[in-house]
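Residues in the sequence shown are numbered from 3 upward in steps of one, following this note's numbering. Think of the CB as a built atom: it goes at the ideal place given N, C-alpha and C, for glycine as much as any other residue. The block underneath contains the structure these notes are about, expressed in structure tokens.
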Amino acid sequence: MEHRAWSHGCAGNSTGHISLHLDSHYTKIESNFGRDKAALVYRGQMEARAEIERNCAELEIAGFEGNIDAYIYAESSQEQQAVRDEYVALSRAGADVQLMEHWRDIAGVPFDTELALKLPGSAQFDSHRYCQALARAVHGDGCAVHERTRVVGVKDGVPCEVQTEFATMRAPSVICATHTPLGVSVLQTAMIPHLSFVVAVRVAQSMPAGLFYDTHEPYHFTRRLDSANPHILIVGGADKKTGGGERTESECYADLRRYVGRHYTVQEELAHWCAQYYRSADGLPYVGTDPGSSHVWVATGFNGDGLTLGVMSSIIITTAILGGTHPLASIYSSHRFKPIASAKQVLSESMSVAKHLLLDRFTTKASSLELLQPGEGRVMKVGGNNVAAYRELDGRLHAHSAECTHLKCTIKWNDAEKTFDCPCHGSRFGVSGSVLEGPALQDLEDLLKECCPRKTPAALAPPPRDSHPAQS
Ligand SMILES: Cc1cc2nc3c(=O)[nH]c(=O)nc-3n(C[C@H](O)[C@H](O)[C@H](O)COP(=O)(O)OP(=O)(O)OC[C@H]3O[C@@H](n4cnc5c(N)ncnc54)[C@H](O)[C@@H]3O)c2cc1C
Numbered sequence: 003m004e005h006r007a008w009s010h011g012c013a014g015n016s017t018g019h020i021s022l023h024l025d026s027h028y029t030k031i032e033s034n035f036g037r038d039k040a041a042l043v044y045r046g047q048m049e050a051r052a053e054i055e056r057n058c059a060e061l062e063i064a065g066f067e068g069n070i071d072a073y074i075y076a077e078s079s080q081e082q083q084a085v086r087d088e089y090v091a092l093s094r095a096g097a098d099v100q101l102m103e104h105w106r107d108i109a110g111v112p113f114d115t116e117l118a119l120k121l122p123g124s125a126q127f128d129s130h131r132y133c134q135a136l137a138r139a140v141h142g143d144g145c146a147v148h149e150r151t152r153v154v155g156v157k158d159g160v161p162c163e164v165q166t167e168f169a170t171m172r173a174p175s176v177i178c179a180t181h182t183p184l185g186v187s188v189l190q191t192a193m194i195p196h197l198s199f200v201v202a203v204r205v206a207q208s209m210p211a212g213l214f215y216d217t218h219e220p221y222h223f224t225r226r227l228d229s230a231n232p233h234i235l236i237v238g239g240a241d242k243k244t245g246g247g248e249r250t251e252s253e254c255y256a257d258l259r260r261y262v263g264r265h266y267t268v269q270e271e272l273a274h275w276c277a278q279y280y281r282s283a284d285g286l287p288y289v290g291t292d293p294g295s296s297h298v299w300v301a302t303g304f305n306g307d308g309l310t311l312g313v314m315s316s317i318i319i320t321t322a323i324l325g326g327t328h329p330l331a332s333i334y335s336s337h338r339f340k341p342i343a344s345a346k347q348v349l350s351e352s353m354s355v356a357k358h359l360l361l362d363r364f365t366t367k368a369s370s371l372e373l374l375q376p377g378e379g380r381v382m383k384v385g386g387n388n389v390a391a392y393r394e395l396d397g398r399l400h401a402h403s404a405e406c407t408h409l410k411c412t413i414k415w416n417d418a419e420k421t422f423d424c425p426c427h428g429s430r431f432g433v434s435g436s437v438l439e440g441p442a443l444q445d446l447e448d449l450l451k452e453c454c455p456r457k458t459p460a461a462l463a464p465p466p467r468d469s470h471p472a473q474s
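Now the structure itself:
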């Protein structure tokens, strides 16, 4: 069951790196889990990569480019130690990794670096095309892929029940491959949702093959589109916490474009997009039954590596449902996260703290809906309600409760994507109040009538721009 069109989630919006390396870094995995487990994680990355390559070959999915080297590089002497440490941790995990003092000559990359590590054996592909092809392969022979079918409730049991907007289905096992568990799960307290930004640009220089990652926090990455298009680059980074952080989403795009401009001679920007990922507390994903459930399975907390970790999760979960045990099952176990209090208590405590902080910080004081300009959205107080308001370009107004329907955090306006995003667990809503992604199962409550009981839409037309008050 797919809420929207197939492959319009994060996987379809990824940048198609099939990396043996992990965003959370093997140094962190070693220190959190030990050397033996870090080595198993590395083997898991290779297994997932091989599975993707096999599927591309069997289903004749074009665009897979294997044998791509990944590079993690330091741009300053202060960053060198991080590269050296990662080199050591990767070597210990069994990777055939090299340290490069003179990378510029070897890789032909058009910018300087102090030190780099080179990790052969990565790959790149078109993840959207891949997901589409998998769905086509699955559909039929007793299997069905239902698009535009939103799940609004999942109940553990024998059998489990999956409620959609249209019908209730029963199944012995249910896998929520929904990026984050649907509804309330204790795992949501162990993850922080982040937005990551990407631009595709045509540049003057020709880029060699490779997946290039710097060591900034947040880091940037670059790869060329494919071997036929060495002048088209996909560059990403400027990540921020969803609904939080110092910068607005527009400022993140601006940061990323400045970074691109510093390193490449840009001729044309071809596309830009942003997507969300979930950073787990200890650097590895949570895979297994949803804590508290016996037959509802989840796979989440992939950081920026869900193409490989998602594939690995599918192998772990199907092995378990069929009665086996994958060697990575205990390392990625969804039950390794043990909150000190009960799930409910942890959630409600973190919610109330976040709620107050966010209310103070992000709601505009004493605003009026009439002041919203076309294309503008805001979270504002209207008659005692926190309202998520947006004015369409044609003047129509939307006013919804700014309370996230997941756990009542206050949502925040995303000025670049024109969405309302929840900083607590990553639920995101469109300007018309509908759930776009995240754990929330219900749309935002419509407050238009309550906010403007006697006013006609014409009366709500915005004033001329020059009378717009300064925002607090
Ligand atoms: C900008 C960006 C670039 C990235 N690039 C890479 C990369 O190069 N390599 C890599 O390994 N990882 C990358 N990642 C991470 C990776 O894309 C994700 O971790 C991965 O795609 C998550 O896969 P998923 O199947 O769990 O979630 P999704 O791909 O988001 O799929 C979940 C699906 O569930 C559906 N769904 C949700 N709720 C419901 C519901 N109630 N009812 C029915 N359906 C529902 C959604 O519509 C969606 O289609 C990137 C992440 C970002 C943000």
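Isoleucine 70 and alanine 125 closer than 7 Å at C-beta: yes
Euclidean distance between Cα positions of serine 78 and leucine 101: 16 Å
Every unbroken beta strand (DSSP E) within the stretch 109-143, with a cutoff of 3 residues, ordered by chain: 117-126
Spatially closest choice to arginine 398 from Asp216, Glu378 and Glu253, by CA coordinates: Glu378
Bridge partners - proline 195, DSSP secondary structure assignment: Tyr280
Cβ-heavy atom distance, leucine 227 to ligand 1, below 6 Å: no
DSSP-derived helix/strand/coil call for valine 355: Residue placement at valine 355 is flagged as unreliable, the pLDDT there being 43, under the threshold of 50; a coordinate-derived value is accordingly withheld.
Residue range of the alpha helix (DSSP H) that includes alanine 59: 37-60
Simplified DSSP state of histidine 181, which is helix, strand or coil: coil
Euclidean distance between Cα positions of valine 111 and lysine 451: 58 Å
Residue span of the beta strand (DSSP E) that contains glutamine 100, given as start and end: 100-102
Buried versus exposed, by CB contacts within 10 Å (16 or more), asparagine 231: exposed
Start-end ranges of the beta strand (DSSP E) lying completely within the stretch 381-450, minimum 3 residues: 387-393, 399-403, 414-416, 421-423 and 437-439
Leucine 22 in three-state terms, based on DSSP: coil
Beta bridge counterpart(s) of lysine 243 as assigned by DSSP: His196
Nearest to isoleucine 318 (by Cα), restricted to the options Leu330, Thr310, Gly308 and Asp307: Leu330
As assigned by DSSP and simplified to three states, the class of cysteine 12: coil
Heavy atom of ligand 1 within 6 Å of glutamate 4 beta-carbon: yes
6 Å CB neighbourhood of alanine 240 in its chain, flanking five on each side removed: Phe199, Cys254, Asp257 and Leu258
Assigned secondary structure, alanine 258 (DSSP; H/G/I helix, E/B strand, else coil): As written in the sequence, residue 258 is leucine, which differs from the alanine given in the question. Correct three-state label for leucine 258: helix.
Beta-carbon proximity check, valine 147 vs alanine 137, cutoff 7 Å: yes
Threonine 182 to serine 16 span [Cα, whole Å]: 16 Å
Same chain, Cβ closer than 6 Å to alanine 84, five either side skipped, listed in chain order: Thr217
7 Å Cβ cutoff met for histidine 408 and serine 434: no
Straight-line gap, serine 9 to tyrosine 132 (C-alpha atoms, nearest Å): 9 Å
Any non-hydrogen atom of ligand 1 within 6 Å of aspartate 307 CB: yes
Residues bridged to leucine 213 (per DSSP): Ala72
Beta bridge counterpart(s) of glycine 238 as assigned by DSSP: Val200 and Phe223
Top-ranked residue by Cα proximity to tyrosine 28, from Glu55, Glu88 and Ala72: Glu88
The alpha helix (DSSP H) enclosing methionine 3, as first and last residue numbers: Taken as a continuous stretch (DSSP letters only), methionine 3 belongs to no alpha helix (DSSP H), as it is neither H nor E.
Best match in Arg380, Leu311, Leu371 and Gly386 for proximity to glycine 18 [C-alpha to C-alpha]: Leu311
Where the beta strand (DSSP E) through glutamate 163 begins and ends: 162-166
Close-in-space but distant-in-sequence residues of the same chain around alanine 345 (CB under 6 Å, 5 per side omitted): Summary for alanine 345: the model assigns pLDDT 46, below 50, so the residue's position carries little reliability; its value from the coordinates is reported in the next sentence. Closer than 6 Å at Cβ, skipping near neighbours: Val188.
Run of the beta strand (DSSP E) containing arginine 94, from where it starts to where it stops: First-last for arginine 94: 82-94, but that is the alpha helix (DSSP H), not the beta strand (DSSP E).
Host beta strand (DSSP E) of glycine 155 (start-end): 153-157
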